[in-house]
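Working notes for the structure below.
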Amino acid sequence: MPKESEGVQDLTKLYTSDTCVKYYEELMQKSLLVERCEIGGKYCEKYLVPIFKKWAEQLKKPLNFADLLCCYGNDTLAYAYGYYQKDFAETWSSDDLCYNLVKPRQFPVKTLGIDRSENALKFAKKAGIMDETEKIDFNNMTDSDKTILQQHLKCTNILYMNSMAALDDGIVEQIIEWFSQGTEPGMLMIGFIYPHDGVERMNMWKQLMLTKFDFLASVPSANRTLYEHEGQVLGPKHGIWDRTYYEMWYLTRKVDLGQK
Ligand SMILES: C[S@@+](CC[C@H](N)C(=O)[O-])C[C@H]1O[C@@H](n2cnc3c(N)ncnc32)[C@H](O)[C@@H]1O
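Numbering of the sequence shown is given in the working numbering, commencing with residue 64 and proceeding in unit increments.
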């Protein structure tokens with residue numbers, strides 16, 4: 064864990080409930096995380112979905128979308144389904160409705176969610192958000208986990224990842240390397256949480272990504288609001304008292320430019 068994550072509230076309870084409802088209420092609604100889901104969803108709808116449709120047409124098959132540290136699948140809903148705040152509010156706020164999907168997928172795509180929370184993955188699969196799931200603890204991977212992850216990443220066309228503050232040094236680098244080994248068109252969509260992911264680590268990952276992928280775009284937004292004690296730790300050091308910040312980077316695999 065980077066030093067910028069010291070004093071961060073432990074939210075494990077929200078990640079391990081049977082359904083997404085507590086996660087939605089506490090993190091997405093009360094802490095405003097849902098705003099950045101809508102920013103990402105709208106950006107994707109306008110600028111990325113046309114690219115994904117073209118790739119699927121060229122490949123004559125649905126694209127493989129992998130969401131790492133996916134929890135209940137809110138980012139997959141934003142990017143693959145075009146979910147806005149109102150769509151989450153309609154279903155994710157109630158145990159009765161949370162298995163209903165109110166929008167279809169926006170392009171031909173198969174979804175895979177990877178996380179260490181068994182309950183979150185069970186929910187995402189049952190709700191139909193994820194076609195497939197893998198329970199992996201990225202900080203404690205067995206040889207078999209490594210083989211499974213490498214295989215998936217090489218076949219993935221769209222890789223979404225954030226929450227890197229939770230990951231030990233060297234893990235993000237390995238994921239970037241395995242994803243870069245794929246030979247089909249591919250987009251790396253990576254969300255940096257400032258400063259939680261670690262100020263120096265973020266810069267190092269960005270430099271690494273720029274050596275292995277083509278930069279496409281970046282989009283700024285805001286991450287969740289901070290608990291008071293978190294602000295007291297981060298404020299004096301970084302000037303961040305109320306909210307962490309979120310920076311999305313979109314990069315493409317170095318394959319034939321005609322396929323972008
Ligand atoms: C804030 S949620 C992220 C959900 C979604 N991507 C988002 O940002 O809104 C963080 C997720 O990381 C998962 N997680 C934390 N440490 C992990 C690890 N070492 N291996 C796998 N998953 C982990 C948690 O179980 C949780 O589901």
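The beta carbon of each residue, even a glycine, is placed where N, CA and C say it ideally should be.
Just so we're clear, the structure is a prediction, and the values are computed from it rather than from any experiment.
If I measure Cβ to Cβ from residue i and keep anything under 6 Å in the same chain, skipping five residues before and after, which residues do I get?
{"i": "T79", "result": "S180 and N182"}
{"i": "P258", "result": "E67 and H301"}
{"i": "D130", "result": "D138, T139, G176 and Y223"}
{"i": "Y146", "result": "G104 and L140"}
To which residues of the same chain is residue i closer than 7 Å at the C-beta, ignoring the five residues directly before and after it?
{"i": "N163", "result": "T154"}
{"i": "T288", "result": "S94, L95, D305 and R306"}
{"i": "T82", "result": "D158, C161 and F186"}
{"i": "E88", "result": "S156"}
{"i": "G298", "result": "W304"}
{"i": "V165", "result": "D150, E153 and T154"}
{"i": "E293", "result": "G70, V71 and Q72"}
{"i": "Q322", "result": "Since pLDDT at Q322 reaches only 46, below the 50 mark, its modelled position is unreliable, and the value read off the structure follows with that caveat. So the qualifying residues of the chain are W118, Q121 and P248."}
According to the Cβ coordinates, are residue i and residue j closer than 8 Å?
{"i": "G136", "j": "G176", "result": "yes"}
{"i": "V324", "j": "G70", "result": "Absent from the structure is residue 324, since the part of the chain shown begins at 64 and ends at 323."}
{"i": "Y313", "j": "M227", "result": "no"}
{"i": "E108", "j": "Q169", "result": "yes"}
{"i": "K275", "j": "I239", "result": "yes"}
{"i": "L230", "j": "F255", "result": "no"}
{"i": "K209", "j": "Q244", "result": "no"}
{"i": "Y111", "j": "L90", "result": "Before going on, a small fix: residue 111 reads as Leu here, not Tyr. Taking 8 Å as the Cβ cut-off, L111 and L90 do not qualify as a contacting pair."}
{"i": "P113", "j": "V172", "result": "no"}
{"i": "M250", "j": "T174", "result": "no"}
{"i": "Q213", "j": "W241", "result": "yes"}
{"i": "C134", "j": "D206", "result": "no"}
{"i": "T246", "j": "N127", "result": "no"}
Verify the contact flag: residue i, CB atom, against every heavy atom of ligand 1, threshold strictly below 7 Å.
{"i": "I199", "result": "yes"}
{"i": "L222", "result": "no"}
{"i": "S226", "result": "yes"}
{"i": "Y146", "result": "no"}
{"i": "D305", "result": "no"}
{"i": "A152", "result": "no"}
{"i": "D178", "result": "yes"}
{"i": "D138", "result": "yes"}
{"i": "A183", "result": "yes"}
{"i": "A229", "result": "yes"}
{"i": "C83", "result": "no"}
{"i": "L96", "result": "yes"}
{"i": "N127", "result": "no"}
{"i": "N202", "result": "yes"}
{"i": "Y78", "result": "yes"}
{"i": "C134", "result": "yes"}
Got a sec? Which residues, its chain only, sit under 8 Å from residue i by beta carbon, not counting five neighbours each side?
{"i": "S281", "result": "E310, M311, W312 and Y313"}
{"i": "K189", "result": "Y162"}
{"i": "P167", "result": "Y144"}
Notebook entry, point to check: Taking three-plus beta-carbon pairs below 8 Å as touching, is the region 128–142 in contact with the region 206–224?
Noted result: yes
Margin query: Would the region 99–118 count as touching the region 185–201 if we require 3 or more Cβ pairs under 8 Å?
Written below: no
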